[in-house]
Structure formats: C-alpha cells, structure tokens
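Count along the sequence shown from 1, then add 835; that gives the number in this note's numbering. First comes the structure, then the notes that go with it.
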Amino acid sequence: MKKSIFPIYVILFLVFSISSQAQIKVNSDGQVKIFGDIESDDANKDLSMQIYGSYGQYLANGKLGFGDYGRVELNGSNVFIGELGTNWDSDRLELHGKKGIYLTYGYGYNNGDIIGKWDISQPDRFSFETDVYAKGVLLSSDSRFKENIKPLGKELYKLKQLKGVSYNLKNEKRTYPEAKGNLTEKEQNDLALMNNLEYKERTRLGFVAQEVQKLFPELVQADKEGYLYVDYVGLIPILVESVKEQQEQIDALLELAVKKGLLTTEK
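Printed below as a string of structure tokens:
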C-alpha cells in the first residue's frame, strides 16, 4: 500500500512547490504561464503559453533559450528568442544567435535547405538563396559614413570591354530520403511536395563575375567557398562618369567641327 501512495505524495509535493513559487502555472483552460501571470493579459485567450520577464509591472523582457545559454559575462547569451532589451518594455521581437541566424525549410540546415543566413564567419553580409522582392531599397551613402573619398578616373575604356550576357541559374533538384514504415496522409503529401519542389528559373541579364573582376576588382567579392559576387549598384557611378566622359568627347568634336566651318551653331 505504501508503494502505491508514495508517488502520489511526490506528485502533490511537486505541484504545490511549483504553484507556491509561481514559476509555472497551468490554468483551467490549459494555458501555461511561466514566471508570472497577469490576469488582464491575453483576454481573448490567443496564447497557449506565455513567458514573462522580470521588468516592470507588466513583467516585460521574457525570453526563451535553446541549448546552452552560457554566462553573459563570458560572452554567453548564445541562442534565444524573446522581447528585445532587459530593462525596458520594448514590444519588439529579438531573434538572437550569437554565431549566426539561419532561415531554413524542408529538412533544414543539415540537408542544405537554407533560405537565408548570417554567419559570424562572414559578419559583413546577410545572404539569401532566393530572389528578394521589395518596394524599394535605400543604401547608406551619407558623407559622414565615409572616408578616403576620391573621384573616379576615366573608366569609359574599361566599361567598353564589359560583355553583357543572358543566362539561367543552375537548378539542382534535391532528392529527399525515402521514409520507412507506415506514413500518414500528411507525411505522404509533404514528401511528395519536397521531392517535386522546383523553381521556375527565369532568363536573367548581367555579367560574369570573373570578367568583371579583371576590369573592376573593387566590385567583386568572394565568399568563404570562393564563389564570386558582383556589386551591381557599384556600377552606377562608373556609368555616370563614363556618360560624362563621352559627352565631353562629343562636345569637343562639335566645337572642332564649328571651328572648321563644318557645322554651324545657328538654329
């Protein structure tokens, strides 16, 4: 009899301890509240779980960590998601990975299914494996951000050597492993979807990075695998200066033609 009663006392003790410390609370409707509970929160009962923080009357700055969090004073705070900040009610989402943030799909990172990433090994870039659509793109260009500003030289002769091309990106179709055992209908549909995933690659216009690198090395960067990327925006000032250079040549020829009487300036 004692053996069957003992676990019940242990369970009751744990429940009482959790409730008395008010760290984890399960409401009668199934909602889970962690580190606090404000009755006026979530009046519509939209949340299944709510993690509070320790700041202010609204218990702001709740965070959820994954794996080893580490000691903050030793460069910890490894991987977590939560409310931005520690001592203010920001209402802003913070997605934090000390050494990188990866957006994945399908079978995830181990299968190479990466949509976009930032990695500490190349901290100056956030790279995407898809086209990026936006209503507009503004780049920082204020003189206060810059130093060693120098005018461009004559670039028309180099620009004339660039060869524009049309091309298609390679579409390497992935094959996902075949699952064993009985599959649910959802699992079957998901496998079929992933194994038939294809991007409709459009014809693009641009340059070959290796050729651009020979003429304008400042416009080409390599990643850690050695693949080259072109700064197409950086071509704009070269185009502008080349147009101005070409116009100067046209003006000089017109002036010479007028002096020789081959052309009149009268309208």
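C-beta atoms are modelled at their ideal positions from N, C-alpha and C, and glycine is treated no differently.
Using the DSSP secondary-structure output, state which residues sit across from residue i in a beta bridge.
i: Q885; result: K868
i: T1100; result: DSSP output for T1100 lists no bridge partner at all.
i: W953; result: I936
i: Y904; result: None; Y904 has no bridge partner.
i: L1091; result: L1091 pairs with nothing; no bridge assigned.
i: A878; result: BP columns for A878 are empty, so no partner.
i: F963; result: G951
i: E929; result: G917
i: Y944; result: Y944 pairs with nothing; no bridge assigned.
i: Y890; result: A895
Between which two residues does the beta strand (DSSP E) holding residue i run?
i: A1057; result: 1055 to 1057
i: G900; result: 898 to 900
i: G988; result: From DSSP, G988 is part of no beta strand (DSSP E); its letter is neither H nor E.
i: I916; result: 914 to 918
i: K970; result: Here K970 belongs to no beta strand (DSSP E), and DSSP marks it neither H nor E.
i: I859; result: 859 to 861
How about residue i and residue j: do their beta carbons lie closer than 8 Å?
i: R1039; j: N983; result: no
i: I869; j: Y890; result: no
i: G920; j: N896; result: yes
i: T939; j: D948; result: yes
i: W953; j: G935; result: yes
i: S883; j: Q866; result: yes
i: G1069; j: L1091; result: no
i: D1058; j: Y1064; result: yes
i: G911; j: L899; result: no
i: I1085; j: E990; result: no
i: G951; j: S962; result: yes
i: L1032; j: K993; result: no
i: G902; j: M1029; result: no
i: G943; j: V914; result: no
i: E1036; j: N1017; result: no
i: L987; j: E1060; result: no
Within 8 Å of any Cβ in chain B, is that where the Cβ of residue i sits?
i: L1063; result: No chain B is part of this structure, which consists of one protein chain only.
Item to check | beta strand (DSSP E) runs wholly inside the region 991 to 1077, at least 3 long, in chain order | outcome: 1000 to 1002, 1039 to 1041, 1055 to 1057, 1063 to 1065
Next on the checklist: Across the region 1040 to 1055 and the region 990 to 1000, are there enough close Cβ pairs to call them in contact, namely three or more that are closer than 8 Å?
Outcome noted: yes
Checklist entry - Between the region 1020 to 1031 and the region 966 to 981, do at least 3 Cβ pairs fall closer than 8 Å? => result no
Checklist entry - Does the region 906 to 917 come close enough to the region 870 to 877 that 3 or more CB-CB pairs lie under 8 Å? => result no
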